[in-house]
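A.B. asks: Numbered by our numbering, the letters in the sequence shown go through residues 71 to 219 in order. The beta carbon of each residue, even a glycine, is placed where N, CA and C say it ideally should be. In this text, all values refer to a predicted model and were calculated from it rather than measured experimentally. I have a structure here, written as structure tokens, and I will follow up with some questions on it.
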Amino acid sequence: MNAAVSANRPWRILVAFLVAPAAAALVYAVLHPLYAGRPSYADRLVGTTLFYGGTAIYPATVMLGIPLYAAFRPRLRLTALNCGLAGVFVLAIPAIILVLMPERLAYAANLGLAGTLAFIGEAAILGVVGGLTFWLIATGGRSDRPRHA
């Protein structure tokens, strides 16, 4: 059994689906911490990570990430590029939908085009963080392409 096959065991995929969204939520919590009344910054980060992860990032992973993995895994290799692009899709698509919802159009208009694009861009960057974290855990940092001599 070669290293690429042994690196993609089902338990690694499961752990990757559990840890990668948490990594993206932690990055977003560092950028935009909530809970200003908490006694320490670490408490704020934990609370914010749980909030963003539970309300946005894990639901997006369950609704888009797992079906995307199931649909494309037989056709595409687990490479850093593929996982990063999948992460962008998983988090940027909900951000785009959120901005385009009729209730949110007034909010998006208040942000302006630059603010709206920044919101979607942050979601895309978080998707890259989550996708690359997924790739690192699922493959151990190795792409599953055969080596050429």
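Rank P144, F87, Y105 and C153 by C-alpha distance to the C-alpha of T228 and give the top, closest one.
C.D. replies: Outside the shown range of the chain (71 to 219) lies residue 228, about which nothing can therefore be said.
A.B. asks: Hey, L161 and A194 are a contact pair by Cβ (cut 8 Å); roughly how many whole angstroms apart?
C.D. replies: Correct: roughly 7 Å between the Cβ atoms.
A.B. asks: DSSP three-state call for M171: helix, strand or coil?
C.D. replies: Three-state DSSP puts M171 in coil, outside helix and strand.
A.B. asks: Assign V205 to one of two classes, buried (16 or more other C-beta atoms within 10 Å of its C-beta) or exposed (fewer than that).
C.D. replies: Checking the sequence shown, residue 205 turns out to be Trp, not Val. Buried is the call here.
A.B. asks: Count the C-beta pairs between the stretch 131-142 and the stretch 100-114 that are closer than 8 Å, then say yes if the count reaches three, no if not.
C.D. replies: The stretch 131-142 vs the stretch 100-114: no contact.
A.B. asks: Within 10 Å of its beta-carbon, does Y111 have 16 or more other beta-carbons around it, so buried, or fewer, so exposed?
C.D. replies: Y111 comes out exposed.
A.B. asks: Along the alpha helix (DSSP H) that carries I127, what are the first and last residues, could you check?
C.D. replies: It is not in any alpha helix (DSSP H) - I127 carries neither H nor E in the DSSP assignment.
A.B. asks: Among the candidates G200, A106 and G210, whose CA atom is the shortest distance from the CA of N94?
C.D. replies: Reading off the sequence, residue 94 comes out as Ala, not Asn. Nearest C-alpha to A94: G200.
A.B. asks: Going by Cα to Cα distance, which pick from R114, W81, G107 and V85 is closest to V97?
C.D. replies: Closest by alpha carbon: R114.
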